[in-house]
Each structure stands twice: as structure tokens, then as C-alpha cells.
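Just so you know, the sequences run in chain order Y and U. Its first residue numbered 1, the first sequence is counted upward by one per residue in my numbering. Its first residue numbered 1001, the second sequence is counted upward by one per residue in my numbering. Please read the structure below before turning to the comments.
Number of protein chains: 2
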Amino acid sequence: MPGVDRRQTKTRKAVFKAFVELLEEKGYPSITIQDIIDRADIGRSTFYSHFETKEDLLNVLCESIFDHAFSSIQQKESTHDFTGREDLEGELTHILYHLRDSKGYLKGIFASESGDVFMRYFKNNLRDVFEKDAGLSPKGIPEDYAVEHSVCWFAETARWWMDGDRVERYSPEEVVKFFWHYMRGAERALSDSF
Amino acid sequence: MPGVDRRQTKTRKAVFKAFVELLEEKGYPSITIQDIIDRADIGRSTFYSHFETKEDLLNVLCESIFDHAFSSIQQKESTHDFTGREDLEGELTHILYHLRDSKGYLKGIFASESGDVFMRYFKNNLRDVFEKDAGLSPKGIPEDYAVEHSVCWFAETARWWMDGDRVERYSPEEVVKFFWHYMRGAERALSDSF
DNA sequence: TAAATAATGAACACTTTGTTCAGTAACTTA
DNA sequence: TAAGTTACTGAACAAAGTGTTCATTATTTA
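Written out as C-alpha cells, the structure reads:
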């Protein structure tokens, strides 16, 4: 009845667990596949039947995190052709909730050196979210620059939030408010001065 | 008369050249020391008498780039104990000039995947520049969040600028203006609304 | 020219990689 | 429950990279 063999799920889980632990302990670059299969306690050939390389594993991990966080947004995109300001605010809050939920899983990684790879993935997803919004970039400011500002600054905001105990101190709504005030302020000032 | 042996300078130059080329071609993670010594055409033991690891080499490269760009700022810091708005604007412009000058050397790297390592270094340096400015973070916004906004957004602005042919299309002054309008606008809006 | 310093290159044990394959265990379905 | 399929095991493999050592050669400086 179940679509996937229990054995596969078990190995994949073991690999992910080992990988995330190792990411925290020594950082992505110094992790070897040897480390992973030792920690996950699986055969060498088993690893290679699931993943091609260490990078492949990382990509799959990123997908499972971010595709989840962005899933409801993609659904919305198909029904509406323009996303209003309130919608966007809700979407961003939604993303932060997802990140917080997976925080136990990702504890410390986002902010660590390994975080760069996550950030790259994160930003690529965010670019789709903010690009729909691009039309309103102020005169005199290149459009791609404006998009990059939204994307980078939201990603960095999330990273800032995930570091230390900030995730416990500030709610997703608060964080979006921080972010949003910077955005709104910038837009206002720019449309004034150009 | 010269302080450093010509042979040393020659090897270091060859290593840096090879390294930068390889950074462009295959990206930092997949570069091996073997690649470097093959490309630089030096003996294995020679490499290890200059650098400890691949990472060490990267750090030395970063230092040579950014310490140069930030050098004149550090001098200023010792003479003034508070840096005015105009000073800061000048400093940022100065940094961009330096980055542009080393662009032939760094063509394509800063903005590429390998750029993450540079960005980390860059941001650490920038944090010192913007932290002096932290006092004026608006009420309701955490101070470290405000600093992070300046730091990240200037670093990402520089990265954006260094990508493609933008460095030829926009002058350092223009880019600082882009950046500055975003900053100024945000500050204005925030002090209004809190 | 002599002494000091740097680069060479070959050898070293060691780790990691990615692949193969026969054998074993766990699941599925008829 | 028996038969067939699918997944994991574990050992072995060549290939490539790492970091170190050392006697030899080349270059520089005084």
C-alpha cells in the first residue's frame, strides 16, 4: 500500500540526520562522505544508490526545506495573477513560520558557514516572490537592483532571526514588521526624491 | 636592498594567478591544491612552505584585497571619534573605487558562487564601519538588526555592481547614491512610524 | 666568491572517492 | 506462506588528493 519502501525512507532519514548533525559540528566543506556513512551507519554503496555526491545531498535537503516553506505560495501564484501588498506580507510571515518550525532540525546551520548554501537556495526562491512586485521600483533606481534589495534583505533578515535565541525573542509577525518598515520606508523616500 | 626575496614574490604571484583563474573556472570548492601547483607550475613542497591549506590561501587573498580597500578608513578612525554622514558616504565610495580597481583581477568572481567567501570577509570589515553609526537605529528596531541591514545591503550592493557589465555602466558615486537612498528612506520612515 | 635562502622533485603513508559485485535481508503480492 | 522483487551489506578496487620529509639544485644577497 505505501508508495515508498520502508527501507529507503529509513536510510534517507539516517543520512539526513547524520548530515545535519555534521553540518553543525564541522561545517559543510569539511564533511566527507565517509563521515556521513559512518555516522548514518550505512554501507558505502547504499549512499551512492541514493545520492550522487555530497552536493547532491545538500540540494535535496534544501529542496525539502524550502519547497515546503514556499509550497502554499506557489499555489496562490496560479490562482491570482497579481499579488497585493497584504498577500505578500502574509506569504513572508508564512515562510518565517516554516523556518521556525524546522529550526530544531536546522539549529545553528542557517547562521553558520554552511548557511551560504542555504541562503543561495533561499534567495533563488525569494526572487520569484518579489519579481512580481518589480513594477513599482522607483525612477532612477535600476529595477533589478530593487528586486535584489527585497530578496537579499529578506533572506538576511531570516538569517539574522535564526541566529542565537532571536527566534524565541521575536515572533514571525514582528520580524516581518521590522523588514517591512525598512522596505516601505525606502519605497516612500525614493518616490519622493526622484 | 629589497625586503623580500624575488623568488618568493614570484611564487606567490604565480599561486595567486593560478588560484584566481581556477576560482573563475571551477569554483572554490572543487579546486584542489594539486590543481593550483599544476597551474602555477611550482613544486608541492613550495606551496606548503607558503600556505598551510587552501583556506589559508583564500584568507591571504581576501586580506590583500580588503585590507587595501579599508586601509585609508582605518587611518581616519584613529583621528576622529565620530564619523559624520558625509564622511561615511566618502568612505563607501572609496571602497567601491578599490573594488573596481581590482576588478580586472577579480573579474566575475565576486558575483559568482565563489563570491560567498569574499562576502563573508567583506561584511566583517563593513561591520566595523557601520557599528559606529549604530546609535541612530530607530525605536522599535533592534540595534543589531539595523547594523546588519547596513552591512548586508552595502555588501550585496557591491556584489550586484560587480556582476556582469554593471561596473562599467554605473559609477561608484551613482552606486553609493542608490544604496544611500535606500538607507536614508528607511531611516526617515522608521523615525516617523515608531 | 661564499653563505644563506628558496625552490625542486621524488618518495612516503594516509585518507577519500566512486564503482563493482556476490551475498543477505526486507518487503510485496499472489 | 511461498516466490519474486527490491534494497542494503561489506569487502575490494584503482584513482586521486593530502601533508610531510629530505637530499639536491638554483638564486639571491652581502
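From the three backbone atoms N, C-alpha and C, an ideal C-beta is built for every residue, glycine too.
- Between the region 64-71 of chain Y and the region 40-53 of chain Y, the count of C-beta pairs closer than 8 Å stays below three; the two stretches do not touch.
- Nearest Cα to VAL1060/U within the set ALA1111/U, GLY1003/U, VAL1020/U, GLY1027/U: VAL1020/U.
- Counted as a single uninterrupted DSSP element, the stretch harbouring TYR170/Y is not any alpha helix (DSSP H), since DSSP gives it neither H nor E.
- In terms of Cβ geometry, VAL1147/U and GLU1131/U form a close pair [threshold 8 Å].
- The alpha-carbon separation between VAL1167/U and SER1102/U amounts to approximately 12 Å.
- With distances taken between CA atoms, GLY108/Y lies nearest to ASP165/Y out of ILE37/Y, GLY3/Y, ASP165/Y.
- Take the alpha-carbon of THR93/Y and the one of PHE51/Y: they are about 33 Å apart.
- In the three-state scheme derived from DSSP, where H, G and I count as helix and E and B as strand, GLU1052/U is classed as coil.
- Among the CB atoms of chain U, none fall inside 8 Å of the CB of PRO172/Y.
- Inclusion of TYR1028/U and SER1114/U in the CB contact set at 8 Å is warranted, their separation being smaller than that value.
- Runs of alpha helix (DSSP H) with 4 or more residues, each lying fully within the region 16-48 of chain Y, are found at 33-40, listed in chain order.
- Shown here, ILE1141/U sits in coil according to DSSP, grouped into three states, outside any helix or strand.
- Residues of chain U with a Cβ closer than 7 Å to the Cβ of PHE178/Y are, in chain order, ILE1141, TYR1145.
- Ranking SER1171/U, ASP1163/U, ALA1155/U by CA distance to the CA of ASP144/Y puts ASP1163/U first.
- In the three-state reduction of the DSSP assignment, PHE1110/U falls in the coil class.
- Counting of Cβ neighbours within 10 angstroms places THR1157/U among the buried residues, the total reaching 16 or more.
- Contact with chain Y is absent for GLU1089/U, since none of that chain's Cβ atoms lies less than 8 Å from the residue's Cβ.
- For GLY115/Y, the enclosing alpha helix (DSSP H) begins and ends at 115-131.
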